[in-house]
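Colleague: Once you've had a glance at the structure underneath, I'll fire off some questions.
In my numbering, the protein residues as written are 109 to 1086.
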């Protein structure tokens, strides 16, 4: 293994940084060389064995289970994939070919899965504690509407918003991943509106397998490695099976967005020249834009000295503002853009500093030949540090007797005196301050005990499954480099007293401990001043999430019909979820970020379900399922599903479903005590204040929420032509309609709805205090609806190459998946927004997705060599489907129909490749693999984010949830089986 680089703090010395970069480039050279050698060896080995390898049947056997199994999406035991619900299966061959650093990166490549959170893109989730969590978002309906299962069982959430961190799944044991792209609440209960992701483990593994892999970007950064070991023992004549797995993952950080494409100053802004009648677009997208309200060392933003900015001691400049509007936008066009962006742009983490430990055990015992009891224990620990942004501050008041002003910038002090100014107001991105971020630790414990098997009763054969799960998530959420606002106010009011620089407050209260801080210039404050404003401890919260689940289900055949047996599955489930925690009172308020409160609450659920499969006539089956659910918070609700399959000829199968599904509100939506963070909005001309304003955004829960309701229907066809053995293709159309959808609007939308649309309900959430914007409250309600339409296409083909020519050895397989998002319309009661085809900008997020998304994977196996090539990508998109693109003669822009100069965003195509070689000796096997992702090192498309939010310049100038922001990456892996 290559040695790991040393991680240094954000403010590291130049010598250390140069040394780390040198080590990284050495490592990159070695890894690239290893990749070349391995690929060459694989090709040579393939040629050497071409004339001696016997032809065997190809394909990923793990991906296509045989015999009687339970396929996700149905509780009925079936022979193969005969259910009417579309199911995508990812087998171990696909997973092993990519050797992902974490399995969420692989699963999120599926076209039916849209942008979810990852440990890399969630670095801004400071106050809600979600930084570092990897989620799955089916259909662009939101991660909360995707049910994640492990071997068909629920798992405790890793966050109060109900999200299961996919990285808690024991990756080395995953045999296949089954993805149900349709409503499944009748079978599995709440959350399965968008579908189900079921991770199936290889529970009968025997032997010992050790794996080690590492990865690195083509830029020499982002080094990570993963170690894993799996052991399986069969004892007592194979009646006792013990399965153990452990793994460790470490990711070295990339603390800022160090990529050349991010130096473009590419944003989306409100056109400072726009009026409703001058024919110009309201929104502008492009380069050459920058904020005009702050600089790294401080910018005087009003009065006679407006435009003066502070540099090093004794040095100032005069800002060239370019074109700007003080009432409509915080951005300027042209001017000294490099001056205002310096120190702020790209300060968000590209990759976090993270480590993960995972331990898993499953022990099973065959009580009889047909009944098994089992116990399962798992432990996952995550620790991650990521950086949010070099937070800008506006409205900072510096008085004329400020000590640092008088001693370091006497010319400015003299100018203030000449203009009779008692103070100046500055905006600063706080040069010399360490970047705020999060330092989160999560521990997830999961205990499962149960039994399954078969028995005979009432003259028929039965199968059963019963389990009880107790899950606990303990999270410690802690911020770093976040100042106390009261201490900052005292510290920045520094004066000269008896020849010394002191806090003004210290003169009257000598024992208050205040340390003066210098907020002027680019030299930065002293370490003592920083220690004072940050305090002895940073904002932190401990939370405990608990989930208890008890479930039992039975399967049998009721009676025979001419076309086959009528099968039934039925059962019941009980579940309790709770959240509790602790926060010291000093962290409840008064901080730049955090301001944590304790979330407390619980609910329980009681459910019963039944499912029938009835063969009406040969080739035509009907499935029906129903579930009654009783929530302690909102009462009872019924879900149901009916589906049918018809195979008129062996080559063609038609299938369709209709389901009524639900999603119950999660713990955060119900019980959030309040999460406060600093943000900015743009206030229009008719508001009490105008222009860009900073405020505290407060997100609270709503205990009166009721479950969402969804109606989904699908219709599809599966084709397996007899004249082309090994080929299968499917087409499935879907239509999902959600009512009583739980949702909330953003702070900027709250402002727009209040002042531009005149909706009084939104105005009530906006609070002013002391002549300034104070808070905006965001709270979820059952007020929205969502309607999504689209279709999936899947095709696969596998063949022995000897079928083409007897001289060609090996086996070939190819699979392709494509999803077309026709529309995804969310109506929040004000106006509908279609998120399908939105590739970036202010509308991008949980609901957005490109119109077309695809993935094609091909394998060529010549034992002992396997080659894999993947093509994946998505189509061009827009900033908004209702936006009107124009550069002149534009109509008046409205909140719904924004005018914009460029409403086009290019799509992307990526190529990945891998090669692996199996080395066998004395009954042992080792596999050496090399993987290259983003083979052509395609840079992401520049996307104009904005126009509001003080974090926009700090973030990537693209959509990092959709486009690859790391660049080409290399992975080298070796596994040894004993």
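The beta-carbon is built from N, C-alpha and C at its ideal position, and this holds for glycine as well.
(1) Is DSSP giving residue 518 helix, strand or coil here?
(2) Check residue 441 in the structure and name its three-state DSSP category.
(3) Residue 543 lies in the alpha helix (DSSP H); which residues open and close that run?
(4) What ranges does the alpha helix (DSSP H) occupy inside the region 232–308, keeping only unbroken runs of at least 4 residues that lie completely in it?
(5) DSSP on residue 725, reduced to helix/strand/coil?
(6) What whole-angstrom Cβ distance do residue 886 and residue 855 have, given they're in contact under 8 Å?
(7) Per DSSP, what are the beta-bridge partners of residue 872 in this structure?
(8) Measuring straight from C-alpha to C-alpha, what distance separates residue 974 and residue 218?
(9) Tell me, please, whether the region 385–404 touches the region 436–454 by the rule of three or more beta-carbon pairs shorter than 8 Å.
(10) So, at 7 Å on beta carbons, what are the nonlocal neighbours of residue 133 in its own chain, with the 5 sequence-adjacent residues on each side left out?
(11) If I'm right that residue 1139 touches residue 848 with Cβ under 8 Å, what's the distance once you round it to whole angstroms?
(12) So, at 6 Å on beta carbons, what are the nonlocal neighbours of residue 1082 in its own chain, with the 5 sequence-adjacent residues on each side left out?
(13) Can you look up residue 614 in the DSSP assignment and give me helix, strand or coil?
(14) What separation, rounded to the nearest whole angstrom, lies between the Cα atoms of residue 744 and residue 711?
(15) Ignore the nearest five residues each way along the sequence and tell me which others in residue 1071's own chain have a CB closer than 7 Å to its CB.
(16) Below 8 Å, is the gap between the Cβ of residue 507 and the nearest heavy atom of the ligand FAD?
(17) Taking Cβ positions, are residue 351 and residue 311 nearer each other than 9 Å?
(18) Under a Cβ-count criterion, where at least 16 other Cβ atoms within 10 Å of its own Cβ denotes burial, should residue 501 be classed as buried or exposed?
(19) Assuming residue 298 contacts residue 737 (C-beta within less than 8 Å), just tell me the rounded distance between them.
(20) According to DSSP, is residue 858 part of a helix, a strand, or is it coil?
(21) Would residue 944 and residue 922 be called neighbours here (beta carbons separated by less than 9 Å)?
(22) Grab me the residues of residue 1104's own chain with a C-beta within less than 8 Å of its C-beta, minus the 5 sequence neighbours each way, in chain order.
(23) Is there at least one Cβ from chain C nearer than 9 Å to residue 996's Cβ?
(24) Identify, in the order they occur along the chain, each residue of the same chain with its Cβ nearer than 6 Å to the Cβ of residue 547, setting aside the five sequence neighbours on each side.
(25) Between the Cα of residue 332 and those of 770, 1078, 1057, 393, spot the shortest distance and give me the residue it belongs to.
(26) Out of curiosity, what's the CA-to-CA distance linking residue 353 and residue 252?
(27) Assuming contact is defined by CB atoms lying nearer than 9 Å, are residue 226 and residue 1058 in contact in what I supplied?
(28) Mind reading off the beta-carbon distance from residue 807 to residue 780? Whole number of angstroms is fine, and I expect it under 8 Å.
(29) For residue 818 and residue 448, I'd like the C-alpha separation in whole angstroms.
(30) What is the residue span of the alpha helix (DSSP H) that residue 203 lies within?
(31) Assuming residue 511 and residue 624 form a contact by the criterion Cβ under 8 Å, report the distance between their Cβ atoms to the nearest whole angstrom.
(32) With DSSP as the reference, identify every bridge partner of residue 845, one or two as the case may be.
(33) Please classify residue 796 as buried or exposed, where buried requires at least 16 other C-beta atoms within 10 Å of its C-beta.
(34) Which residue spans inside the region 461–518 form an unbroken beta strand (DSSP E) run of at least 3?
(35) Sorted by chain position, which residues of the same chain lie with C-beta nearer than 7 Å to residue 410's C-beta, five sequence neighbours on each side aside?
(36) Our contact map puts residue 514 next to residue 459 with C-beta atoms below 8 Å; I'd like the distance itself, whole angstroms only.
Modeller: According to the structure data:
(1) The three-state secondary structure of residue 518, taken from DSSP, is helix.
(2) strand
(3) In the DSSP annotation of this structure, residue 543 is not part of any alpha helix (DSSP H), being labelled neither H nor E.
(4) 293–296
(5) When secondary structure is reduced to three states using DSSP, residue 725 falls in the strand class.
(6) 7 Å
(7) BP columns for residue 872 are empty, so no partner.
(8) 22 Å
(9) yes
(10) Unreliable positioning characterises residue 133 in this predicted model, as indicated by a pLDDT of 44, which lies under 50. The coordinate reading is nonetheless provided below. So the qualifying residues of the chain are 328.
(11) Residue coverage of the chain in this structure runs from 109 to 1086, which leaves residue 1139 outside it and unanswerable.
(12) 320, 1036
(13) helix
(14) If you draw a straight line from the Cα of residue 744 to the Cα of residue 711, it comes to about 13 Å.
(15) Non-local beta-carbon contacts of residue 1071 in its own chain, meaning distances under 7 Å to residues more than five positions away in sequence, involve 1016, 1048, 1049 in chain order.
(16) Looking for the ligand FAD in the displayed structure turns up nothing, as the structure carries no ligands at all.
(17) Against a cut-off of 9 Å, the Cβ pair of residue 311 and residue 351 comes out as a contact.
(18) buried
(19) The pair is a contact, with the Cβ atoms about 7 Å apart (cut-off 8 Å).
(20) helix
(21) no
(22) The chain is shown from 109 up to 1086; residue 1104 falls before or after that span and cannot be answered.
(23) No chain C is part of this structure, which consists of one protein chain only.
(24) 493, 586, 588
(25) 1078
(26) 29 Å
(27) With a cutoff of 9 Å on beta-carbon distance, residue 226 and residue 1058 are scored as not near each other.
(28) Rounded to whole angstroms, the Cβ separation of residue 807 and residue 780 is 6 Å, and the two are in contact under 8 Å.
(29) 48 Å
(30) 200–206
(31) Yes, they are in contact, since the Cβ atoms of residue 511 and residue 624 sit about 7 Å apart, within 8 Å.
(32) 819, 895
(33) exposed
(34) 461–474, 479–495, 501–507
(35) 533
(36) The pair is not a contact, with the Cβ atoms about 44 Å apart (cut-off 8 Å).
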